[in-house]
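Below you'll find the structure, written out as structure tokens, and then a few comments.
Protein chains: 2
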Amino acid sequence: MSKRQRKRARRPAADSLVFSFLDAAEAVEARLEAAVSPTGLSLAKLAVLHILADAKEPLPLSDLAARQHCVRSNITQLVDRLEKDGLVHRRTAPDDGRSVLAELTPSGARAHARGMRALAQARRAIVSVLDPDDATSLKSALKALTS
Amino acid sequence: MSKRQRKRARRPAADSLVFSFLDAAEAVEARLEAAVSPTGLSLAKLAVLHILADAKEPLPLSDLAARQHCVRSNITQLVDRLEKDGLVHRRTAPDDGRSVLAELTPSGARAHARGMRALAQARRAIVSVLDPDDATSLKSALKALTS
DNA sequence: AGCCGATAGTGCAGGAATGAACGATATGTC
DNA sequence: GACATATCGTTCATTCCTGCACTATCGGCT
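For the protein sequence lines, the chains are A and B, in the order given.
Per this note's numbering, residue 4 is the first one in the first sequence, and the count goes up by one each step.
Per this note's numbering, residue 4 is the first one in the second sequence, and the count goes up by one each step.
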């Protein structure tokens, strides 16, 4: 859970294992984004909703940033948009005057459910093109890359 | 050569092969970006310089967009920044009054050389952690994913 | 020659991310 | 209790990218 986005910056030269790897990741992310988008969500928004739904309670924005591995100002803006969409509500924390809690609205909970359903479906479709051999060897390669 | 960027958007949940794949790609891209950044370039800028250097002649912005697989307005802005950096120069095409040619400046050519050197080094460092088995199986998995 | 449609570049708005600077609260220490 | 410090959220500037709308130019056709 968590992670970065792929707006889609161009990088130099692709005929290298590393670049085909990045290109493939980009294609996969684009498929997920496209699958989720009909529900009115982006992957970034869905990720925030997912953290909130997972926690089952309002969370301080700092927590969201930590769990998303991103800077706080990004969460500020993301929550701005989610609030404008009516999917999340800002509340001030009772105990700590500094922190602001993000709370899932009923509409946000529904959007989360729909989004995750669409995402899971796309995820399965993507994995299904890999035979078990490909999957296991991919796992070991990924492990080596992120060691 | 070509491709998207990884600003770093968050996506939901990671304990799935698909998401570890995206996370790994993100990490790899971040390493490349970090390797190139000391030369004052981003991967996006380096990619444009690379296309121009490769062509060995000024190219219309539309061509750049096509080779980068991105929209024209993106190239307009990228070239704006590159021009501000003094790495590229805009010229109007002699034959076609509509098109604008992007030309590599001497400084741009030097930046390209430095950037590509840094990139190649990082690329090698990344691939070196993969043993030949991992590399070949990764290739086949990528092929399956982008078929 | 005159018009029409396609192509080229740009401008503008908006989404997603970063990093720096800031004001407001909490806290630990003297 | 007062002050220094750390934490929290926001704001602003900037990058990278998309899509839409607009202007200018080029070609082809009649």
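Think of the CB as a built atom: it goes at the ideal place given N, C-alpha and C, for glycine as much as any other residue.
As the structure is a prediction and not an experimental result, all values here were calculated from the model.
With a CB to CB cut of under 8 Å and the five nearest residues on each side skipped, what residues in its chain are close to residue i?
{"i": "Val31 of chain B", "result": "Ile129"}
{"i": "Asn77 of chain B", "result": "Ala68 and Gln71"}
{"i": "Arg126 of chain B", "result": "Leu35"}
{"i": "Thr108 of chain B", "result": "Gly89, Leu90, Val91 and His92"}
{"i": "Val51 of chain B", "result": "Leu67, Gln71, Ile78, Leu81, Val82, Leu85, Val91 and Ala105"}
{"i": "Val39 of chain A", "result": "Ser45, Leu46, Leu49, Gly118, Ala121, Leu122 and Ala125"}
To which residues of the same chain is residue i closer than 7 Å at the C-beta, ignoring the five residues directly before and after it?
{"i": "Pro61 of chain A", "result": "Arg94, Leu104, Ala105 and Glu106"}
{"i": "Gln8 of chain B", "result": "At Gln8 of chain B, the pLDDT of 48 sits below 50, so the modelled position is not reliable; the number obtained from the coordinates is stated separately. Answer for Gln8 of chain B: Leu46 and Ala47, listed in chain order."}
List the residues of chain A that residue i touches, going by C-beta distances under 7 Å, in chain order.
{"i": "Ala27 of chain B", "result": "Leu145, Leu148 and Thr149"}
{"i": "Glu32 of chain B", "result": "Leu25"}
Is there a Cβ from chain A that is less than 8 Å from the Cβ of residue i?
{"i": "Pro15 of chain B", "result": "yes"}
Can you list the residues of chain B that residue i reaches, using a CB-CB cut of under 7 Å?
{"i": "Ser19 of chain A", "result": "Arg126"}
In chain A, which residues lie less than 8 Å from residue i when you measure between Cβ atoms?
{"i": "Leu141 of chain B", "result": "Leu20, Phe24, Ser140, Leu141 and Ala144"}
Select from the options the residue whose C-alpha is nearest the C-alpha of residue i.
{"i": "Leu90 of chain B", "options": "B:Ala121, B:Leu141 and B:Ser45", "result": "B:Ser45"}
{"i": "Ile54 of chain A", "options": "A:Met119, A:Ser150 and A:Val132", "result": "A:Met119"}
{"i": "Ala96 of chain B", "options": "B:Asp134, B:Leu64, B:Leu49 and B:Leu133", "result": "B:Leu64"}
{"i": "Ser19 of chain B", "options": "A:Ala123, A:Lys59 and A:Ala38", "result": "A:Ala123"}
{"i": "Val132 of chain B", "options": "A:Ala147, A:Glu29 and A:Val132", "result": "A:Ala147"}
Comparing the C-beta of residue i with each C-beta of chain B, is any distance below 8 Å?
{"i": "Leu64 of chain A", "result": "no"}
{"i": "Arg7 of chain A", "result": "Bear in mind that the predicted position of Arg7 of chain A carries a pLDDT of just 43, short of 50, making it unreliable; the figure below should be weighed with that in mind. True, the Cβ-Cβ gap to chain B drops below 8 Å."}
For residue i, which residues of its own chain have a beta-carbon under 6 Å away from its beta-carbon, when the five flanking residues on both sides are left out?
{"i": "Arg117 of chain B", "result": "Thr42"}
{"i": "His115 of chain B", "result": "Leu52 and Ala56"}
Residues of the region 81 to 106 of chain A whose Cβ lies closer than 9 Å to any Cβ of chain B, in chain order = Per Cβ criterion, the list reads Leu81.
Where the region 39 to 71 of chain B meets chain A: residues whose CB sits under 7 Å from a CB there = The residues in question are Leu46, Ala47, Leu49, Ala50, His53 and Gln71.
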